[in-house]
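Trainee: Numbering (our numbering), first residue to last: 49 to 186. Using N, Cα and C, we set each Cβ at its ideal position, and we do this for glycine too.
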Ligand code: THU
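1) Run through DSSP, which three-state label would residue 144 get?
2) Using the beta-carbon of each residue, find all residues closer than 7 Å to any heavy atom of the ligand THU and list them in chain order.
3) Which class does residue 119 belong to by DSSP, given the choice of helix, strand or coil?
4) Put residue 176 into one of helix, strand or coil per three-state DSSP.
5) For residue 155 and residue 171, I'd like the C-alpha separation in whole angstroms.
6) Quick one: residues in its chain with C-beta nearer than 6 Å to the C-beta of residue 165, no 5 flanking neighbours on either side, listed in chain order?
7) Below 8 Å on the Cβ atoms is my contact criterion, and I expect residue 125 with residue 66 to pass it. Report the Cβ-Cβ distance as a whole number of Å.
8) So the alpha helix (DSSP H) residue 104 belongs to, where does it begin and stop?
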């Protein structure tokens, strides 16, 4: 199984595909499924702004649209497109909520990386305390 530093490297690769003509803030994500498959995602912006999709959600929607819903971790990197990620880029609230839909908050790990590798590794519960998830509606 891929380790957390290797997952950050996959996020750095994914970031190369970011389509960011408006903000120039390029984000990459690498979502690890429990079967070992890695789904890469980048942010995809739009001239109308609101259709923009974050890197994390791109990765989730790729996986879920292929029938995969069992996840172990996601690595995230971000920086302006002329630079390499030297500081962490934390996931937005909407992306944390999407994680909450498909992941176990106690075990799913959110890994924030830079060009040098892992900087922060926390559970989803730590990233999104008191999260509202599908269990509430069961
Ligand atoms: N963005 C992401 O892709 N993920 C994050 O975690 C933070 C924000 C994107 C959305 C937009 O394309 C750009 O970064 C600036 O907000």
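Mentor: Checking against the coordinates, here is how it stands:
1) Sequence index remark: in the chain shown, residue 144 carries index 96 (1-based). In this structure, residue 144 counts as helix in the three-state DSSP scheme.
2) Result (chain order): 68, 71, 73, 75, 91, 93, 100, 102, 103, 104, 124, 126, 137, 138, 139, 140 and 143.
3) Counted from its first residue, the chain shown places residue 119 at position 71. Note: residue 119 maps to strand in three-state DSSP.
4) What you label residue 176 is simply residue 128 of the chain shown in a count that begins at 1. The answer is coil: DSSP assigns residue 176 none of H, G, I, E or B.
5) As a working note, residue 155 is residue 107 in the chain shown. As a working note, residue 171 is residue 123 in the chain shown. Rounded to the nearest angstrom, the two C-alpha atoms are 6 Å apart.
6) Locating residue 165 in the chain shown gives position 117, where the first residue counts as 1. Excluding positions up to five away in sequence, the list reads 53 and 56.
7) In the chain shown, residue 125 corresponds to position 77, counting from 1. In the chain shown, residue 66 corresponds to position 18, counting from 1. For residue 125 against residue 66, the beta-carbon gap comes to about 10 Å, at or over 8 Å, which does not count as contact.
8) One-based indexing of the chain shown puts residue 104 at position 56. 103–112 is the span of the alpha helix (DSSP H), which, as asked, contains residue 104.
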